[in-house]
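Q: Residues 179 to 669 (the working numbering) are what the sequence shown spells out, left to right. Where is the CB? At the ideal position from N, CA and C, for every residue including glycine. Here's a structure for you.
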Amino acid sequence: MQPGVAFCHSTQDGLRDCEVVSTWANNGVAPKTPTEIRYFPDGKESLWGAEASLPCERRQSKDTAPVYSRFKLLLDPTIYGGVYAGRSKPWSLLRRLEDLRLEDSASIKLPSGKTAIDVSSDYLKLLYNDLMNNRLRKRYPDTLDITPIEFVFTIPAIWSHKAQEATRYAAKTAGFSSRPSDSLSLVSEPEAAAMFVLQAMREKNFSRISGQKTTLKRGENFVICDCGGGTVDLISYEVEEEYPKFSLKESVVGTGAKCGSSYIDAAFKSFLLEKLGLHCKDEGWFKKLVEGGSTLMKTFDFIKKSFGETNNDIWFLELGTEVPDDEEAGIVDSELELTAKDLQALFDPVVDNVIQLIKDQVKIIQSTHSSEIAPTIFLVGGFGESQYLYKRLAEWAANQTPSLIVVNPTESWSAIMRGAIIQTLKPAVRSRRLRQHYGFRCNLPFNPAKHDITDAYECPFGGWYLRNSVKWTAEMASRDLLTLRLRLKSG
179 MQPGVAFCHS TQDGLRDCEV VSTWANNGVA PKTPTEIRYF PDGKESLWGA
229 EASLPCERRQ SKDTAPVYSR FKLLLDPTIY GGVYAGRSKP WSLLRRLEDL
279 RLEDSASIKL PSGKTAIDVS SDYLKLLYND LMNNRLRKRY PDTLDITPIE
329 FVFTIPAIWS HKAQEATRYA AKTAGFSSRP SDSLSLVSEP EAAAMFVLQA
379 MREKNFSRIS GQKTTLKRGE NFVICDCGGG TVDLISYEVE EEYPKFSLKE
429 SVVGTGAKCG SSYIDAAFKS FLLEKLGLHC KDEGWFKKLV EGGSTLMKTF
479 DFIKKSFGET NNDIWFLELG TEVPDDEEAG IVDSELELTA KDLQALFDPV
529 VDNVIQLIKD QVKIIQSTHS SEIAPTIFLV GGFGESQYLY KRLAEWAANQ
579 TPSLIVVNPT ESWSAIMRGA IIQTLKPAVR SRRLRQHYGF RCNLPFNPAK
629 HDITDAYECP FGGWYLRNSV KWTAEMASRD LLTLRLRLKS G
């Protein structure tokens with residue numbers, strides 16, 4: 179879970195106009211910073227981001243103040259459960275290493291006396307101060323104090339209304355929109371991604387494309403596949419109006435699964451554990467070997483990102499300590515041999531899941547829409563830039579009837595950040611599919627042909643009514659949320 183920040187002036191509307199913060203304290207050149215915070219009992223200012231877990235800070239500190247991370251997930255804990263259920267033995271071995279557990283809400287710890295909203299607010303306050311005092315102040319030194327700012331937070335499409343309000347509350351408490359002229363809004367990540375790909379198509383700004391595709395026409399559907407570290411989220415839209423007045427409507431309810439690139443990392447750790455076998459000295463040594471930011475994991479991350487782009491078919495990973503040679507396991511001179519075949523075995527289960535998710539979305543589109551134009555697939559997100567993932571997906575798409583086109587926009591890792599800005603400046607999504615039923619608890623007129631007499635009561639003002647009934651005004655997956663809002667306001 180790593181937040182990123184992008185901004186632009188309201189008079190600008192191009193992707194290149196959206197500036198992404200690309201450097202963070204003690205994290206070098208990086209588009210995002212870790213969601214980590216470290217509290218100190220002596221009143222010292224908390225550390226956040228990459229600074230929170232610096233080894234030098236841990237050694238110099240006289241206390242044992244822990245680092246808290248992934249607390250954002252607890253804003254909606256109902257959608258995050260254990261991820262190792264049903265896995266093979268190596269995965270259950272890894273489960274004992276607490277810091278290797280992914281997106282399991284039960285494993286996320288909070289400071290005593292603080293809620294997930296409190297910790298999120300503390301983290302966001304530090305981010306807000308850095309953004310205002312260091313980033314924007316330097317960028318707009320003369321006009322920042324008199325310039326209204328609209329802060330836009332992106333949220334997963336599957337988050338409940340409660341989680342959305344928790345996010346809004348944490349952000350406001352942290353200081354976002356605290357100035358009189360500032361405001362704060364939320365944009366769903368799929369909508370942000372949709373705006374990014376529309377703008378990318380208009381600007382012909384894509385790095386990879388599997389066929390001839392230059393525009394999106396009226397009535398055409400497209401699928402957005404946002405591949406991140408922990409999750410892969412999909413949603414489909416239909417073009418109602420073409421450029422310059424783009425208008426979209428959601429054609430298929432968004433879906434997703436926990437099959438992002440973090441699961442390739444977890445599979446690698448399982449692979450490493452199997453290779454080391456009896457040579458694995460102890461749990462503490464192994465945890466240090468594979469912790470985030472370790473030399474080994476940085477090397478693997480580089481290999482993972484370049485897999486499919488080079489002709490290399492073998493790599494050697496330094497284990498950083500004296501490990502006995504084991505030629506059968508591929509360990510020589512404290513180096514582990516990693517082959518292209520090994521990497522493929524790590525990638526394929528995750529990639530197969532991604533393709534299946536896309537296949538399901540395409541199937542629904544083709545069964546519910548009469549358009550003769552095959553839907554286009556847009557691959558975005560950090561993991562979406564994987565050459566191996568793109569190659570596998572393009573091969574699958576080419577073999578469909580009719581064949582599908584896969585587009586990977588340039589700098590798709592920034593799709594959510596930049597897209598959120600575009601959606602705020604030039605909103606194009608006009609209708610959405612409902613994620614749940616909406617209704618009102620009320621007492622409806624009693625009908626003896628339909629209702630149980632034990633639920634009936636006589637109203638003192640006349641007539642018989644049904645206790646604790648619900649009048650449903652909108653059904654899940656129906657069209658559309660915007661119309662529902664108007665109906666509620668007018669009603």
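Grab me the residues of Y347's own chain with a C-beta within less than 7 Å of its C-beta, minus the 5 sequence neighbours each way, in chain order.
A: Walking along the sequence shown from the start, residue 347 turns up at place 169. Cβ neighbours of Y347 beyond the five flanking positions: I295.
Q: Counting Cβ pairs, one atom from each stretch, are 3 or more of them under 8 Å apart for the region 371 to 390 and the region 180 to 197?
A: Flag = yes, the region 371 to 390 and the region 180 to 197 touch.
Q: Compare the C-beta of H629 against all C-beta atoms of chain D and say whether one is closer than 7 Å.
A: Checking the listed chains, one finds no chain D in this structure; it contains a single protein chain.
Q: Nearest CA to the CA of E419: which residue from T211, A230, Y566, G397?
A: By 1-based counting over the sequence shown, the position of residue 419 is 241. The shortest Cα separation from E419 among T211, A230, Y566, G397 belongs to G397.
Q: Among the residues of its own chain, which have a CB less than 7 Å from the CB of L309, if the five just before and after it don't count?
A: Reading the sequence shown from its first residue, position 131 is the one you call residue 309. Here the set comprises V183.
Q: Which whole runs of the beta strand (DSSP E) in the region 573 to 658 are 3 residues long or more, in chain order?
A: Segments of the beta strand (DSSP E) lying fully in the region 573 to 658: 584 to 587, 607 to 609, 616 to 620, 634 to 636, 642 to 644, 647 to 652.
Q: What residue from D530, Q565, P580 has the CA that sits closest to S549's CA?
A: For the purposes of this step, residue 549 is taken as the residue at position 371 of the sequence shown. Ranking D530, Q565, P580 by Cα distance to S549 puts P580 first.
Q: For G182, which beta-bridge partners are listed by DSSP?
A: In the sequence shown, counting from the first residue as 1, residue 182 sits at position 4. In DSSP, G182 forms a bridge with K210.
Q: Within 10 angstroms of the Cβ of G455, are there 16 or more other Cβ atoms? Answer buried if so, exposed if not.
A: Translated into positions along the sequence shown, residue 455 becomes position 277. Exposed is the call here.
Q: Can you give me the start and stop residues for the beta strand (DSSP E) that W337 sits inside?
A: Translated into positions along the sequence shown, residue 337 becomes position 159. Where W337 is concerned, there is no enclosing beta strand (DSSP E), given that its DSSP letter is neither H nor E.
Q: Do three or more CB pairs link the region 298 to 315 to the region 209 to 228 at distances below 8 Å?
A: With a cut-off of 8 Å, the region 209 to 228 and the region 298 to 315 count as touching, because enough Cβ pairs lie within range.
Q: Under DSSP, the beta strand (DSSP E) around S448 begins and ends at which residues?
A: Residue mapping note: residue 448 aligns to position 270 of the sequence shown, counting from 1. Premise fails: S448 lies in the alpha helix (DSSP H), 440 to 454, not in any beta strand (DSSP E).
Q: How long is the line joining the alpha carbons of D460 and T554, rounded to whole angstroms?
A: Position 282 of the sequence shown, counting from 1, holds the residue named residue 460. Position 376 of the sequence shown, counting from 1, holds the residue named residue 554. So the alpha carbons of these two residues sit roughly 49 Å apart.
Q: Go to G462, then tell me how far its alpha helix (DSSP H) extends in each direction, as first and last residue.
A: Numbered from its first residue, the sequence shown carries residue 462 at position 284. Run containing G462: 461 to 468, per the alpha helix (DSSP H) assignment.
Q: Given that a residue counts as buried once 16 or more other Cβ atoms are within 10 Å of its Cβ, and exposed if not, what is G471?
A: For the purposes of this step, residue 471 is identified with residue 293 of the sequence shown, where counting begins at 1. Exposed, since its Cβ has fewer than 16 Cβ neighbours within 10 Å.
Q: Bridge partners of Y217, per DSSP?
A: By one-based count along the sequence shown, residue 217 stands at place 39. DSSP, once it has assigned bridges, lists no residue as partnering Y217.
Q: Among residues of its own chain, excluding the 5 on either side of R265, which ones have a beta-carbon nearer than 7 Å to its beta-carbon?
A: Along the sequence shown, read from residue 1 onward, the residue named residue 265 stands at position 87. Note that R265 has pLDDT 31, beneath the 50 cutoff, so the model's placement of it is unreliable and no number is given.
Q: Near Q180, what residues of its chain come up, given a Cβ to Cβ distance below 7 Å and the 5 sequence neighbours on each side ignored?
A: Taking the first residue of the sequence shown as 1, we reach residue 180 at position 2. Closer than 7 Å at the Cβ level, and outside the excluded window around Q180, lie K210, T211, P212, T213.
Q: So, at 7 Å on beta carbons, what are the nonlocal neighbours of G406 in its own chain, with the 5 sequence-adjacent residues on each side left out?
A: Locating residue 406 in the sequence shown gives position 228, counting from the first residue. Cβ within range, chain order: G438, G559, G560, F561.
Q: Which residue marks the beginning of the alpha helix (DSSP H) containing Y301, and which one marks its end?
A: Walking along the sequence shown from the start, residue 301 turns up at place 123. Note, Y301: alpha helix (DSSP H), 294 to 308.
Q: Out of K649, F478, F639, which has the shortest C-alpha to C-alpha gap to L622?
A: Working through the sequence shown from its first residue, we reach residue 622 at position 444. The option with the nearest alpha carbon to L622 is K649.
Q: Sorted by chain position, which residues of the same chain lie with C-beta nearer than 7 Å to R236's C-beta, five sequence neighbours on each side aside?
A: For the purposes of this step, residue 236 is taken as residue 58 along the sequence shown, with counting starting at 1. The predicted position of R236 is uncertain, since its pLDDT is 49 and thus under 50; a value taken from the coordinates is nonetheless stated next. Closer than 7 Å at the Cβ level, and outside the excluded window around R236, lies no residue.
Q: Counting beta carbon pairs with one atom in the region 593 to 603 and one in the region 354 to 369, are three or more of them shorter than 8 Å?
A: Touching, per the Cβ criterion.
Q: Just the C-alpha distance for T488 and P422, rounded to the nearest angstrom, thanks.
A: Taking the first residue of the sequence shown as position 1, residue 488 is located at position 310. Taking the first residue of the sequence shown as position 1, residue 422 is located at position 244. If you take the alpha carbons of T488 and P422, they lie about 40 Å apart.
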